[in-house]
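Numbering (the UniProt record's numbering), first residue to last: 12 to 246.
Below you'll find the structure, written out as structure tokens, and then a few comments.
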Amino acid sequence: TPVAAVIPAAGRGVRLGPGAPKALRALNGTPMLIHAVRALAASRHVSLVIVVAPPDGAAEVKSLLDAHALPVSTDFLVVPGGESRQESVRLGLDALPPQYGIVLVHDAARPLVPVETVDAVVEAVRDGAPAVVPALALADTVKEVEPAAAAGDPEPVVATPERSRLRAVQTPQGFDRATLVRAHETVTENVTDDASMVEQLGLTVVAVPGHEEAFKVTRPLDLVLAEAVLARRRL
Ligand code: CTP
Ligand code: MG
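Put into structure tokens, the structure is as follows:
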């Protein structure tokens, strides 16, 4: 069954600081979004990429994609995004042609994901999992706190989950298409990833090994790291 990737790229990138929408910022001279599209198109499984552009930036994104060569075996579509990541993903799913039975959802903000990670996710969906996430063990101990009313105030610690059972999850997350569509139709509260919506349907989500280079570019230091990784790849 054919595989499509939806790439939500409609966020502003508030945590990165002032400037262009995050997905359009350059990494070593090439927009982050182009790196992300190439990373997904590098998988021989992926035959369509749907980019969800900033609401007023669809034309700009379309011309960027036209200007940067993609593998001829990968088609692309551009649709305008929404107010939340969740809404942007749903708008991408709405544009998905009928023949695609497997969908990957990949943050434009994870431009350096290796093709091995993409392929591992696709293969786990092909093996029958309705939802698959790439995941990494944590370096830091994680605490649950009672969030402070004002930023900077001390916060009481509520619990310390056992670190060895925790995973940081990345993208692309992979789905049986009908399952993901149903999740987006059913779950209305705000979530921070797509797989958690499938969990809410009562289905089992599985984790496969993620990759350090699939980190999300969120804060200014992440730009430094991303450019260093790219420079190392060129050596
Ligand atoms: N995203 C989107 N539509 C939105 C919000 C986010 O398509 N309304 C996308 C972003 O473009 C990004 C991915 O979801 O590729 C992950 O979101 P995040 O890293 O939070 O990016 P931003 O929302 O842009 O950043 P910030 O939260 O710092 O503003
Ligand atoms: Mg955000």
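Glycine is no exception: its CB is placed at the ideal position from the N, C-alpha and C atoms.
None of these values were measured; they are calculated from a predicted model.
Can you tell me whether LYS33 is buried or exposed, with buried defined as 16 or more other CB within 10 angstroms of its CB?
By the neighbour-count rule (16 or more Cβ atoms within 10 Å), LYS33 is buried.
Just reading off the alpha helix (DSSP H) that SER58 is part of, what are its end residues?
No alpha helix (DSSP H) contains SER58, which is instead part of the beta strand (DSSP E) from 57-64.
Assign GLN97 to one of three DSSP states: helix, strand, or coil. GLN97 carries a helical assignment under DSSP once its states are collapsed to helix, strand and coil.
- Query: Opposite ASP187 in the DSSP bridges: which residues?
  - Reply: For ASP187, which the question treats as bridged, DSSP gives the partners ILE113.
Validate contact between the segment 160-173 and the segment 209-223 using beta carbons, cut 8 Å, 3 pairs | Taking a contact to require three or more Cβ pairs closer than 8 Å, the segment 160-173 and the segment 209-223 do not qualify as touching.
- Query: From this set, VAL100, ALA80, LEU177 and LYS73, which residue's C-alpha is nearest LEU88's C-alpha?
  - Reply: Sorting VAL100, ALA80, LEU177 and LYS73 by C-alpha distance to the C-alpha of LEU88 places LYS73 at the top.
- Item | Beta-carbon proximity of VAL169 to LEU191, cut-off 8 Å | Against a cut-off of 8 Å, the Cβ pair of LEU191 and VAL169 comes out as no contact.
Please classify ALA189 as buried or exposed, where buried requires at least 16 neighbouring CB atoms within 10 angstroms.
In the assembly as shown, ALA189 is an exposed residue. Its beta-carbon has fewer than 16 other beta-carbons within 10 Å.
* **Outcome for SER99 when other beta-carbon atoms lying within 10 angstroms are tallied against a minimum of 16** => It is buried - the Cβ of SER99 has at least 16 other Cβ atoms within 10 Å.
Segments assigned alpha helix (DSSP H), at least 4 residues, entirely inside the segment 200-234:
DSSP runs (the alpha helix (DSSP H)) wholly in the segment 200-234: 206-211.
Exercise. Taking the CB atoms as reference points, tell me whether VAL48 and LEU104 lie closer together than 8 Å.
Key: Cβ distance not < 8 Å, so VAL48 and LEU104 don't count as in contact.
message: Between which residues of its own chain and THR229 is the CB-CB distance below 6 Å, once the five residues before and five after are set aside?
response: Counting only Cβ-Cβ distances below 6 Å, and skipping sequence neighbours, we find ARG26.
*Helix, strand or coil at ARG178 according to DSSP, with G and I counted as helix*: Of the three classes helix, strand and coil, the one that applies to ARG178 here is strand, per DSSP.
Q | Cut-off 7 Å between Cβ atoms - residues of its own chain near THR12, not counting five sequence neighbours on either side | A | Contacts found: GLY112 and ILE113.
So the beta strand (DSSP E) VAL169 belongs to, where does it begin and stop?
Unbroken beta strand (DSSP E) run through VAL169: 168-170.
Next on the checklist: Quick check on GLN181: buried or exposed, where buried means 16 or more other Cβ atoms within 10 Å of its Cβ?
Outcome noted: Buried, by the Cβ-count rule.
**Asked** DSSP three-state call for ALA148: helix, strand or coil?
**Response** Of the three classes helix, strand and coil, the one that applies to ALA148 here is strand, per DSSP.
Are ALA21 and VAL126 touching if we call contact CB-CB under 8 Å? No, the Cβ-Cβ distance between ALA21 and VAL126 is not below 8 Å.
Review point. Rounded C-beta distance between ALA142 and LEU214? I'm assuming under 8 Å.
Key: Between LEU214 and ALA142 the Cβ distance is about 7 Å, and since that is below 8 Å, they are a contact.
Taking only the alpha-carbon atoms, compute the straight-line gap between ASP86 and PRO109 and give it to the nearest angstrom.
The C-alpha of ASP86 lies about 15 Å from the C-alpha of PRO109.
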